[in-house]
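Numbering (UniProt numbering), first residue to last: 1 to 171.
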């Protein structure tokens with residue numbers, strides 16, 4: 001059974017409460033067959049959807065569930081997209097306070113000093129300044145699909161629907 005077959009099977013019952021309740025199981029099935037690019041595109045669609053919380057909130061939530069290495073990784077994605085000077089200035093300078101002068105990468109120790117609320121604000125500002133950050137962050141989290149599941153059933157179903165749409169377009 002290929003990815004499109006699995007997605008069609010999963011999405012055929014998307015309206016039923018049982019399917020939404022099983023979103024994590026469905027997501028696990030799909031991610032076993034999907035590429036990281038496909039998972040990232042689905043997540044990016046969920047992060048842009050009006051059916052899910054705002055991008056900043058979703059990033060803050062995943063950040064709160066991440067290991068220090070993963071926290072540093074996502075912050076470094078945001079830094080790479082915006083540039084250290086712009087990133088350091090947003091969210092009341094929270095990121096700037098943990099970075100040493102001239103430093104362009106956040107360490108796991110530095111990342112763990114930031115709260116999910118601060119990262120929510122950093123991500124929201126980053127999206128306003130550079131909408132492409134959604135794609136960069138989504139690709140990062142595609143490598144850590146277990147964290148995506150912490151977003152809940154609605155976000156997972158939006159991601160799965162986008163992945164099905166994309167797979168159908170290529171099929």
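A virtual CB, placed ideally from N, CA and C, is assigned to each residue, including glycine.
Residue 51 sits exposed, since fewer than 16 C-beta atoms from the chains shown fall within 10 Å of its C-beta. Minimum Cα-Cα distance from residue 80 among the listed residues 101, 24, 126 corresponds to 126.
Rounded to whole angstroms, the separation of the alpha carbons of residue 153 and residue 119 is 22 Å. Between the segment 51-63 and the segment 142-159 there are three or more C-beta pairs closer than 8 Å, enough to call the two in contact.
For residue 138, the uninterrupted alpha helix (DSSP H) segment begins and ends at 133-142. Within the same chain, and ignoring the five residues on either side of residue 113 in sequence, the residues whose Cβ sits closer than 6 Å to its Cβ are 98. For the pair residue 82 and residue 100, the Cα-to-Cα distance works out to about 17 Å. The Cβ atoms of residue 143 and residue 56 lie no closer than 8 Å to each other.
In this structure residue 102 is exposed. Its beta-carbon is surrounded by fewer than 16 other beta-carbon atoms within 10 angstroms. Selection 85, 69, 62, 27 evaluated against residue 110 yields 69 as nearest (Cα-Cα).
With fewer than 16 neighbouring CB atoms inside 10 Å of its own CB, residue 115 falls in the exposed class. For residue 31, the CB contacts under 7 Å within the same chain, skipping 5 residues up- and downstream, are 39, 145 in chain order.
Residue environment analysis places residue 41 among the buried positions, since at least 16 neighbouring C-beta atoms fall within 10 angstroms of its C-beta.
Excluding sequence positions up to five before and after residue 73, its CB lies within less than 7 Å of the CB of 140, all in the same chain and listed in chain order. Rounded to the nearest angstrom, the gap between the Cα atoms of residue 107 and residue 95 is 11 Å.
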